[in-house]
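In the working numbering, the protein residues as written are 2 to 372.
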Amino acid sequence: MAHYPPDSAPGQAGARAAAREAELPLEGHVREIARALEYGLEAAPSVEDRSIPLFSRGELPHFAGINTFLKVPYLEDVRRVGEHQVAILGVPHDIGTTYRSGTRFGPQAMRRISALFTPYSYEMGVDLREQVDMVDLGDVFTIPANIEKSFDQIARAVSFVKGSGALPIILGGDHSIGYPCLKGVAEHIDGNIGIIHLDRHVDTQEKDMDERMHTTPWFHATNIPNAPPRNLVQLGIGGWQVPRPGVKVARERGTTILTIDDVLEVGLEKAAEMALEVAWSGAKAVYLSFDIDSVDAGFVPGTGWPEPGGFLPREALKLLRLVAREGIAGMEVVEVSPPYDHADQTALLAVRAIVDVLGTLVQYDRLPPRR
Ligand SMILES: [Mn+2]
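As structure tokens, this is what we get:
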């Protein structure tokens, strides 16, 4: 597999990216066209490009087809997930919300707008169709009237995927899923697991209105014996929506919090370095949790607790790419609430976060081996 650490020379990235494209394989694309022609039949005689089938199968047109994430194959038989490197799974769960709900539609919205993306990134010099064997498992069967039964379903599902050897990429869902998702991953780590968490909110209180809501995942996650709070680092915290009970817990447990101002003051590179140091200290793996509301509310209207003053989209994306360099044991993107979204822009950023992290894992050779 091609391995391209990004170059740091200023002003040269554009030229280098163009050169790298020539080195990328095209076999996956060729296979996709052959399959499309076989299953989707030959086009009408007037269509000059004979790689176009009669029925849309595969990437084109971007507005057509049955959407999985990035139009990767849908794996109906979950038992076979271990034959693949990366598994996308949706967690349509929003009964942990304490203000706006709607994140149960998050996975659908992310899959829908993911059809807009090509598998290729110019700057990264990565083509996910060529370089990653990825499937979409569809969604976990959550129990819409019972948060604890939903947690059991989510933890078991994520554990099954992680135990298979595939890398779980989780489309949330509100942030209460952070606890069961981490639990499912941590079971398969032979040692401690750290958590890198981008958010405006600490989410570390024990309960909220008598239940384990989306304000509570890291209290419960850091009670898991191999997920100690000293390996929890939270980036972008701040504003007027951080519930005080969670701050008390963070202080007592000694978690690491960098506010937006902290991150901007030291710079993204240094902030990422600090986060990696904390999360990986004595740990064997790191879990990545991206709450879309860590980004300024102006860019992500479709979320449960919009908060002004967060990251710019390009800052959040760069931070995610920087912290993913050392590899991840799993990733969740949470709090995308499509009923409040405009023109899919929140879901669009959520998808971009995932493909940027996947591209980074390709660049730094951090994916599970191909089966
Ligand atoms: Mn949040």
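Note that beta-carbon positions come from the ideal geometry of N, C-alpha and C, so glycine has one too.
| Query | Result |
| --- | --- |
| Let me have the residue list for ligand 1: C-beta closer than 7 Å to any non-hydrogen atom, ordered along the chain. | H176, D200, R201, H202, D204, D292, D294, S295, W306, E336 |
| If you follow the alpha helix (DSSP H) that M111 is in, where does it begin and where does it stop? | 107-115 |
| In angstroms with no decimal places, state the Cα-to-Cα distance between Y123 and R21. | 9 Å |
| Between L368 and V87, how many whole angstroms is the CB-CB distance? I'm expecting something under 8 Å. | 7 Å |
| Which residues does DSSP list as the beta-bridge partners of D128? | Y121 |
| Suppose contacts are defined by Cβ-Cβ distances below 7 Å. Is H189 in contact with G164 by that definition? | yes |
| Taking all protein chains shown into account, decide if D366 is buried (16 or more other Cβ within 10 angstroms of its Cβ) or exposed. | exposed |
| Can you tell me whether DSSP reads A286 as helix, strand or coil? | strand |
| Hey, would you say V337 sits closer than 7 Å to G66, going by beta carbons? | no |
| Pair every Cβ in the region 213-230 with every Cβ in the region 337-350, then say whether three or more of these pairs are closer than 8 Å. | no |
| Identify, in the order they occur along the chain, each residue of the same chain with its Cβ nearer than 6 Å to the Cβ of P74, setting aside the five sequence neighbours on each side. | V136 |
| Excluding the 5 residues flanking R372 on each side, which residues of the same chain have their C-beta closer than 6 Å to its C-beta? | E84 |
| From the DSSP output, read off the bridge partner residues of D292. | V335 |
| Compute the Euclidean distance between the alpha carbons of F161 and S151, then round it to the nearest angstrom. | 15 Å |
| Rounded to whole angstroms, what's the CA-CA distance from A3 to A284? Just pull it up for me. | Legend: pLDDT at A3 = 46, less than 50; position of this residue unreliable, value from coordinates given subsequently. Using only the alpha carbons, I get a separation of about 28 Å. |
| May I ask you to list the residues that DSSP assigns as paired with M135? | V87 |
| Shortest alpha-carbon distance to T217 belongs to which of A354, V363, A251? | A251 |
| Hey, could you find the ends of the beta strand (DSSP E) L199 is sitting in? | 193-199 |
| Strictly by DSSP, which residues pair up with L259? | L236 |
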